[in-house]
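>
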Amino acid sequence: MKAFVLRSYGSPDVLELTDIDKPVPGDDEVLVRVRATSVQPYDWHLMRGEPRIARLMGGGPGLRKPKINILGADIAGQVEAVGKDVTEFRPGDEVFAMPKQGGFAKYACVRESELAPKPKNLSFEQAAAVPMAAGTALLGLRDGGRIQPGQRVLINGASGGVGTFAVQIAKAFGAEVTGVCSTRNADLVRSLGADEVIDYTKEDFTRHGQRYDVLLDIAGSRPGSACRRVMTPKGIYVAVGGPGSRWLQPVGHVFSALAMSPFVSQSVVVADVVRCVKNRQNLRTLTDFIEDGRVTPVIDRCYPFEEIPAAIGYVEEGHVPGKVVIAV
């Protein structure tokens, strides 16, 4: 089968389109014919092995060469074959998943516990935009922020892949939502249901004067100490990411948020993206939101499979409104 293989760290040009053996599903695995995948910062961070401090961590990308050779953390497709212990899926079923790797190939093996039926009202391309970004938004708001109806929620980075889902999910939970984005994306964020939009090119949201029960910080554009100014005394600050750099960020931004936690009355938590993989119920919760019309993926561009390196380069430039997907 065709796949983009990562053998060394570097720019998108290091991805090699080549023929490799089709994977064989294990006893608890499902072989999925990938019909669509998506590109996100997670992919280019792994491609470049950055931030470099992550290479020193257990479970990191690998010190000198990549541990993950086929990128692509989101997939949507059709079941091709199943292992002997798989009970819920059969060949031909339409599914989506976040296996953390393997999406930049024509076929991928996924554990049954990581797989869910594709939302009926989405195309494969739309479904591939959902798992990591929407799962991160769900966990950040529901589990990290403990969001409640009627609360005031601020989303810093409201127009990106995670942010566009976060605005809609926060509204689905009955919150009053303020989104922070640039001028060019303000109308998009309003169309997703935001009650108020702050244009960061014109105004510093940390000096806005309002107070919020939950602050979901995706962009990481302001220090945690400044963000405290816009939080209620018992507010919850949820760190998702931050600006990138070769050595430390966004890890440094997350660490600084955690270091602040013992010294302030507000709670400080970090969204646990890994649980998007471990808990299939998260995908089913998102499916409920999608099928009843409360959440819709926002897709900026769709590339063909052969142009995955170009798609990664586009995402790496930053400021993509919504998601970039790949039609396989």
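Counting in the numbering used here, the sequence shown runs from 19 upward without gaps. By construction, the Cβ of each residue, glycine as well, lies at the ideal position given by its N, Cα and C atoms. All of these numbers come straight from a predicted model, not from anything done at the bench.
#1: Does the contact criterion of 3 or more C-beta pairs under 8 angstroms hold for the region 244–261 versus the region 200–214?
#2: To the nearest angstrom, how far is it from the Cα of Glu324 to the Cα of Leu33?
#3: Asn300 by DSSP, collapsed to three states: which one?
#4: Output needed for Leu172: all residues of its chain with C-beta closer than 6 angstroms, excluding positions within five of it in sequence on either side, in chain order.
#5: Considering Glu47, what are the terminal residues of the alpha helix (DSSP H) in which it resides?
#6: Using CA coordinates, which residue listed in Asp39, Met150, Ile308 is at the minimum distance from Asn297?
#7: Along the chain, where does the alpha helix (DSSP H) that runs through Thr36 open and close?
#8: Determine which residues share a DSSP beta bridge with Met249 and list them.
#9: Measuring CA to CA, which of Ser131, Gly242, Ala328, Ile330 is closest to Val287?
#10: Look up Asn139 in the DSSP assignment and say whether it is helix, strand or coil.
#11: Just mark Thr201 as buried or exposed, buried being the case when its beta carbon has 16 or more other beta carbons within 10 Å.
#12: Would you mind reading off the limits of the beta strand (DSSP E) that contains Ile216?
#13: Consult DSSP for Asn174 and reduce its assignment to one of helix, strand or coil.
#14: So who's on the other strand from Leu156, going by DSSP bridges?
#15: Terminal residues of the continuous alpha helix (DSSP H) containing Gln169?
#16: Taking the beta carbon of Gln186 as the centre, do at least 16 other beta carbons fall within 10 Å, making it buried, or is it exposed?
#17: Output the distance between the C-alpha atoms of Arg240 and Leu206, rounded to the nearest integer angstrom.
#18: Return the chain-ordered list of same chain residues with a C-beta closer than 6 angstroms to the C-beta of Ala126, the five sequence neighbours on each side being excluded.
#19: Could you check what DSSP says for Gly95 in three-state terms: helix, strand or coil?
#20: Exposed or buried, His63, counting other C-beta atoms within 10 Å across all chains shown (16 or more means buried)?
#21: Classify Ser29: buried if its beta carbon has 16 or more other beta carbons within 10 angstroms, exposed otherwise.
#22: What did DSSP end up calling Lys124 once you bin it into helix, strand or coil?
#23: Let me check understanding here. Comparing Cα to Cα, which of Asp61, Ile308, Gly179 lies closest to Arg89?
#24: Thinking C-alpha only, which one of Gly110, Val148, Pro137 is nearest Pro117?
#25: Does DSSP put Pro149 in a helix, a strand or coil?
#26: Compare the C-alpha of Ala342 against each of Ile165, Arg319, Glu334 and name the closest.
#27: Please state the DSSP three-state secondary structure of Asp61.
#28: Straight-line CA distance for Ala115 to Leu304?
#29: Can you name the start and end residues of the beta strand (DSSP E) that Ser285 belongs to?
#30: Can you tell me whether DSSP reads Asp310 as helix, strand or coil?
#31: Tell me which residue opens and which closes the beta strand (DSSP E) that Gly197 is part of.
#32: Determine the DSSP secondary structure at Leu206, reduced to helix, strand or coil.
#33: Since Ser371 and Pro339 should fall inside the 8 angstroms C-beta cutoff, what is the C-beta to C-beta distance between them, to a whole number of angstroms?
#34: Measure the C-alpha to C-alpha separation of Asp306 and Val316 and round it to an integer number of angstroms.
#35: Who are the Cβ neighbours of His226 in its own chain at under 7 angstroms, not counting the five residues just before and after it?
Concretely, from the data shown:
#1: The region 244–261 vs the region 200–214: no contact.
#2: Computed Cα separation, rounded: 11 angstroms.
#3: It is helical.
#4: Within the same chain, Leu172 has close Cβ partners Thr196, Tyr230, Leu233.
#5: Premise fails: Glu47 lies in the beta strand (DSSP E), 47–57, not in any alpha helix (DSSP H).
#6: Of Asp39, Met150, Ile308, the residue nearest in Cα terms is Met150.
#7: Careful: Thr36 lies outside any alpha helix (DSSP H), inside the beta strand (DSSP E) at 33–37.
#8: BP columns for Met249 point to Tyr230.
#9: For the options Ser131, Gly242, Ala328, Ile330, the alpha carbon positioned closest to that of Val287 is the one of Gly242.
#10: Here Asn139 sits in coil by DSSP.
#11: Counting Cβ neighbours within 10 Å, Thr201 comes out exposed, since fewer than 16 surround it.
#12: That run of the beta strand (DSSP E) goes 214–217.
#13: Of the three classes helix, strand and coil, the one that applies to Asn174 here is strand, per DSSP.
#14: The bridge partners DSSP lists for Leu156 come to none.
#15: Where Gln169 is concerned, there is no enclosing alpha helix (DSSP H), given that its DSSP letter is neither H nor E.
#16: With 16 or more Cβ atoms within 10 Å of its Cβ, Gln186 is classed as buried.
#17: The straight-line gap from Cα to Cα measures roughly 22 angstroms.
#18: Closer than 6 angstroms at Cβ, skipping near neighbours: Val50, Val52, Ile93, Gly120.
#19: In this structure, DSSP gives Gly95 an extended state, which the three-state scheme calls strand.
#20: Buried: at least 16 other Cβ atoms inside 10 Å.
#21: In this structure Ser29 is exposed. Its beta-carbon is surrounded by fewer than 16 other beta-carbon atoms within 10 angstroms.
#22: In the structure shown, the three-state DSSP call for Lys124 is coil.
#23: It is worth fixing the name first, because residue 89 is Leu in this sequence and not Arg. Considering only alpha carbons, the answer is Asp61.
#24: Here the closest residue by C-alpha is Val148.
#25: Note: Pro149 maps to helix in three-state DSSP.
#26: The sequence as given places Val at residue 342; Ala does not occur at that position. Distance check between Val342 and each of Ile165, Arg319, Glu334 places Arg319 closest, using alpha-carbon atoms only.
#27: Of the three classes helix, strand and coil, the one that applies to Asp61 here is helix, per DSSP.
#28: Taken atom to atom, the span from the alpha-carbon of Ala115 to that of Leu304 is near 12 angstroms.
#29: Its beta strand (DSSP E) spans residues 285–288.
#30: DSSP places Asp310 in coil when its eight states are reduced to three.
#31: Unbroken beta strand (DSSP E) run through Gly197: 194–199.
#32: Correct three-state label for Leu206: helix.
#33: Residue 371 is absent from the model: the chain starts at 19 and stops at 346.
#34: Using only the alpha carbons, I get a separation of about 17 angstroms.
#35: Apart from sequence neighbours up to five positions away, the residues of its chain that approach His226 with a beta-carbon distance below 7 angstroms are Ile216, Val248, ordered along the chain.
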